[in-house]
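Down below is the structure, laid out as structure tokens.
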Amino acid sequence: MAGFKYILKRMAWSIFVLFGLSILIFCIARVIPGDTATMALGSTASEHAKELYREQNHLNEPLPVQYFYWIGDAVRGNFGNSTQTKRPVATDIKEFLPATLELIAFAAILEIIGGIGLGVLTARKPGGLLDNSVRVTSYLGIATPSFVWGILFMLIFCHWTHLLPTIGRLSSNIVPPKNITGLYVIDGILTGNTAAAWDAFKHIIMPGTALALTGIAQSARMTRASMLDNMDKDYVSAEIAAGIPMRRVMWVYVLRPSAIPAVSMIALDIAAMLGNAFMVEQVFSYPGVSKYCLNAILNKDLNAVVGVVLVIGVSFLLVNIMVDIISAFLDPRIRLQGGTI
Amino acid sequence: MSKKNEKTANTSVASRSAVRWDNIKRNWYMFSRNKISVVGFVAVILIILVAIFQQYIAPYPEHSSAYTNFSAAKLSPNSQYWLGTDASGRDVLSRIIFSFRGALIMGVGVIMVAAPVGVIMGLLAGYYKGRIVSTIIMRVVDIFLSLPSLVLALAISAIFTPTLFHSMMAITVSWWAWYARLVYGAASSIRNEYYIQSAELIGASRKHIIFREILPNCWFTILTKMTLDMGIVILMGASLSFVGLGAQPPKPDLGTMISDGYKLLPDAWWLTIFPAAAIMLIVLSFNLLGDGIADMLNAKEV
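So the protein sequences, as listed, match chains A and B. Heads up, the first sequence is in this note's numbering, so the first residue is 3 and it goes up one at a time. Heads up, the second sequence is in this note's numbering, so the first residue is 2 and it goes up one at a time.
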């Protein structure tokens with residue numbers, strides 16, 4: 003019961019933050035850049051057309067009133083039209099978002115499994131070959147932007163060895179699977195179109211790994227550190243003395259409390275992926291929402307920028323809520339005491 | 002700690018400077034126990050020197066601007082051009098050397114603005130914890146942190162013309178909140194210490210308490226974060242200029258060089274690999290130095 007209350011409290015708080023974020027984004031989009039009508043119609047538009055545009059979009063009202071018109075539309079999923087694609091921004095987002103979600107989901111799964119798995123393995127043999135290579139990767143990883151990893155992978159796996167396809171989401175000779183979730187790999191499996199699923203999967207291996215690499219090394223090191231801390235505890239000696247197999251002790255009893263710091267780090271890292279995806283999607287010409295937003299930024303298409311940034315803000319909050327729930331599940335103390343927000 | 006002893010003992014100038022020298026020697030001893038930190042320290046000094054004396058170190062200083070020499074375009078690394086030449090025949094090594102200054106300005110500039118703003122906000126919020134001022138500040142901080150910093154910086158740069166200065170501004174706006182949150186945590190716990198209560202009792206002003214009692218005790222935390230942030234900020238700057246939102250050509254910039262270079266892969270690999278290695282080198286050096294300083298400041302007495 004306490005856990006349920008905690009989650010409710012957390013969600014109420016997130017809605018407040020989201021409200022604040024929308025004000026921040028509104029300010030970025032409306033207050034600073036000058037005349038919105040000129041931005042939307044171009045400097046060659048006639049004064050009459052601009053006045054009409056202002057009238058239609060309530061731009062003559064005071065700013066707070068404008069905000070309420072704007073947020074009312076945004077809540078209903080109406081972010082206005084993109085000046086680039088001449089379509090509603092919401093339609094564009096709906097088209098491009100699944101690609102990015104697929105990429106980030108792959109990277110996140112990779113990071114959770116790889117990070118925690120490597121963490122346990124390196125904790126079993128501190129100072130071993132695996133341990134040292136994880137340490138070096140983590141040092142290099144923090145110092146290297148993920149788009150550089152992307153470029154390196156591209157050089158190695160496409161240009162030199164031709165193992166993986168270079169750009170895009172699907173090879174040009176493959177028809178996209180029927181749209182159910184929008185995630186090509188899942189759709190391909192659901193519709194039995196394994197060729198498409200496999201091809202789509204091959205396309206996300208490199209960008210996904212480029213996004214996850216640094217995080218894998220860092221979360222592995224973090225898991226390792228807290229595993230080593232916890233392995234000195236008395237309960238572990240008791241379990242070993244009681245004859246519980248070492249593998250079970252490590253993967254179940256030591257891992258559970260040790261995973262908490264790694265889980266919150268991974269959450270922060272997934273947030274960072276949402277940012278790094280901008281560069282990585284650019285490198286691989288991956289048709290995701292980040293690449294769409296990047297083009298919008300470069301072309302000053304503010305409606306599109308605002309829409310995508312709001313969507314990213316919402317996903318970030320959802321990830322954070324999920325992490326809180328997972329941590330509460332892993333650590334009963336957070337669950338029972340209600341935690342702090 | 003030694004500062005307080007110094008004051009109460011009413012020491013002479015000579016012994017005071019001796020104490021200070023002692024402090025430096027002890028800190029250096031603790032710092033240099035980890036050899037890797039010393040490597041980072043030396044590397045950072047070298048990078049700063051290269052950035053200052055770029056004119057004299059670069060083999061072809063004139064290649065740092067819009068120079069073209071198409072007869073020498075896209076040469077692979079050779080004895081004349083150690084790291085090869087780019088598509089318009091400019092020496093890659095010279096351009097990398099000239100880009101160091103921009104990277105350092107990016108890191109220092111962002112931190113020098115973001116840290117003081119964030120620290121003051123955090124101190125105020127920590128001191129007035131439980132009051133409306135604190136609530137407002139920390140709620141605003143939460144909102145700024147509700148987007149990944151890079152996304153916020155990208156969104157802000159959307160409204161400016163892309164220049165190095167504007168990308169610095171965009172990163173600063175998305176960065177100060179981290180300092181505010183960090184200092185708030187430290188300040189709000191220090192605020193309940195007995196010495197703060199005593200200072201209040203004897204009638205010390207709020208300004209005195211915030212800046213002379215609380216701030217010095219947060220100083221280590223802030224300094225550690227500042228050194229570790231250098232690398233992260235330089236990386237963010239490189240990411241922004243990689244997508245064309247940073248320094249504009251012909252100004253040499255590592256991110257821009259990579260984004261120009263990777264389109265020519267796999268042939269002209271030196272146009273991508275060397276600038277990427279340069280970013281890695283700068284950031285790694287600052288990270289090693291930062292780790293060393295963090296260890297030094299957090300070390301227990303030896």
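Each residue gets a CB set at the ideal place from its N, CA and C atoms; glycine is no exception.
Buried or exposed by the 16-neighbour rule on C-beta atoms within 10 Å, applied to residue i
{"i": "B/Pro149", "result": "buried"}
{"i": "B/Lys63", "result": "Note that residue 63 of chain B is Glu in the sequence shown here, rather than Lys. Answer is exposed; the Cβ neighbour count stays below 16."}
{"i": "A/Cys29", "result": "exposed"}
{"i": "A/Pro179", "result": "buried"}
{"i": "B/Trp271", "result": "buried"}
{"i": "B/Ala187", "result": "buried"}
{"i": "A/Glu113", "result": "buried"}
{"i": "A/Glu283", "result": "buried"}
{"i": "B/Thr257", "result": "buried"}
{"i": "B/Ala15", "result": "exposed"}
{"i": "B/Gly291", "result": "buried"}
{"i": "B/Met237", "result": "buried"}
Where the alpha helix (DSSP H) through residue i begins and ends
{"i": "A/Leu165", "result": "No alpha helix (DSSP H) contains A/Leu165, which DSSP labels as neither H nor E."}
{"i": "A/Arg171", "result": "Per DSSP, A/Arg171 belongs to no alpha helix (DSSP H) and is neither H nor E."}
{"i": "B/Ile133", "result": "Ile133 to Phe145"}
{"i": "A/Met229", "result": "Thr196 to Met233"}
{"i": "B/Trp83", "result": "Element bounds for B/Trp83: n/a, residue is neither H nor E."}
{"i": "B/Phe212", "result": "Premise fails: B/Phe212 is in no alpha helix (DSSP H) and is neither H nor E."}
{"i": "B/Ala115", "result": "Val93 to Tyr128"}
{"i": "B/Ala154", "result": "Ser150 to Ser158"}
{"i": "A/Thr139", "result": "Leu131 to Ala145"}
{"i": "B/Asp87", "result": "Here B/Asp87 belongs to no alpha helix (DSSP H), and DSSP marks it neither H nor E."}
{"i": "A/Leu154", "result": "Ser148 to Phe155"}
Residues near residue i in its chain [Cβ-Cβ closer than 7 Å; skip 5 each side]
{"i": "A/Ser260", "result": "Thr225, Ser228, Met229 and Asn232"}
{"i": "A/Ala39", "result": "Lys52, Tyr55, Arg56 and Leu61"}
{"i": "A/Leu132", "result": "Leu123 and Thr124"}
{"i": "A/Asp94", "result": "Ser84, Thr87, Tyr294 and Ala306"}
{"i": "A/Ala279", "result": "Thr102, Leu105, Ile106, Leu213, Gly290 and Ser292"}
Rounded C-alpha distance that separates residue i from residue j
{"i": "A/Tyr288", "j": "A/His205", "result": "9 Å"}
{"i": "A/Ile328", "j": "A/Val254", "result": "16 Å"}
{"i": "B/Val1", "j": "B/Lys26", "result": "For residue 1 of chain B there is no data in the structure shown, the boundaries of chain B being 2 and 303."}
{"i": "A/Tyr186", "j": "A/Ile106", "result": "13 Å"}
{"i": "B/Leu183", "j": "B/Arg17", "result": "33 Å"}
{"i": "A/Val138", "j": "A/Ala222", "result": "12 Å"}
{"i": "B/Met31", "j": "A/Pro167", "result": "50 Å"}
{"i": "B/Leu289", "j": "B/Met231", "result": "11 Å"}
{"i": "B/Gly262", "j": "A/Gly315", "result": "32 Å"}
{"i": "B/Ile294", "j": "B/Asn24", "result": "15 Å"}
{"i": "B/Ser3", "j": "B/Leu285", "result": "Unreliable positioning characterises B/Ser3 in this predicted model, as indicated by a pLDDT of 47, which lies under 50. The coordinate reading is nonetheless provided below. Looking at the two C-alpha atoms, the distance is approximately 33 Å."}
{"i": "A/Gly309", "j": "A/Leu276", "result": "15 Å"}
{"i": "A/Pro147", "j": "B/Ala239", "result": "8 Å"}
{"i": "B/Gln81", "j": "B/Leu241", "result": "32 Å"}
{"i": "A/Gly341", "j": "A/Phe6", "result": "With a pLDDT of only 48 at A/Gly341, under 50, the local geometry of the prediction cannot be trusted, and no value is derived from it."}
{"i": "B/Leu165", "j": "A/Pro209", "result": "27 Å"}
{"i": "B/Val134", "j": "B/Asn193", "result": "18 Å"}
{"i": "A/Leu270", "j": "A/Arg258", "result": "19 Å"}
{"i": "A/Gly170", "j": "B/Phe54", "result": "44 Å"}
{"i": "B/Leu47", "j": "A/Ile158", "result": "32 Å"}
{"i": "B/Pro163", "j": "B/Pro250", "result": "11 Å"}
{"i": "B/Lys5", "j": "B/Glu214", "result": "Residue placement at B/Lys5 is poorly supported in this model, since its pLDDT is 48, which falls under 50; the coordinates still yield a value, given next. If you take the alpha carbons of B/Lys5 and B/Glu214, they lie about 12 Å apart."}
{"i": "A/Asp75", "j": "A/Val256", "result": "50 Å"}
{"i": "A/Ser266", "j": "B/Ile233", "result": "19 Å"}
{"i": "B/Ile283", "j": "B/Gly103", "result": "12 Å"}
Contact set for residue i: own chain, Cβ-Cβ below 6 Å, skip 5 residues either direction
{"i": "A/Ala47", "result": "none"}
{"i": "A/Phe203", "result": "Val187"}
{"i": "B/Ala181", "result": "Gly119, Met122, Gly123 and Val142"}
{"i": "B/Glu302", "result": "Residue confidence for B/Glu302 is low, a pLDDT of 43 falling below 50, so the modelled location carries little weight; the figure read from the coordinates is stated next. There are no such residues."}
{"i": "A/Ser24", "result": "Ile73"}
{"i": "B/Ile157", "result": "Ala171 and Val174"}
{"i": "A/Ala198", "result": "Ile176, Pro179 and Gly190"}
Beta-carbon proximity list for residue i, same chain, < 8 Å, skipping 5 on both sides
{"i": "B/His209", "result": "Ala200"}
{"i": "B/Met100", "result": "The residue you asked about is not Met; residue 100 of chain B is Ser in the sequence shown. Closer than 8 Å at Cβ, skipping near neighbours: Pro253, Asp254, Leu255, Met258, Pro276 and Ala279."}
Residue i CB to nearest heavy atom of the ligand ATP below 7 Å
{"i": "A/Thr168", "result": "Here there are no bound small molecules, and the ligand ATP is not part of this structure."}
Query raised in the report: Taking a cut of 9 Å between CB atoms, which residues from the region 154-184 of chain B lie near chain D?
Result: You won't find chain D in this structure, because its protein chains are A and B.
Query raised in the report: In chain order, which alpha helix (DSSP H) runs of at least 4 residues are fully inside the region 166-209 of chain B?
Result: 177-191 and 195-202
Query - Whole alpha helix (DSSP H) elements within the region 15-40 of chain B, 4-residue minimum - result: none
Query - Completely contained alpha helix (DSSP H) runs for the region 268-307 of chain A, where each covers 4 or more residues - result: 291-300
Query raised in the report: At which residue ranges does the region 36-120 of chain A contain complete alpha helix (DSSP H) runs of 4 or more residues, listed in the order of the chain?
Result: 38-43, 49-58 and 65-77
Report task. Scan the region 239-294 of chain B and note each continuous alpha helix (DSSP H) run of 4 residues or more that stays entirely inside, going in chain order. Result -> 255-262
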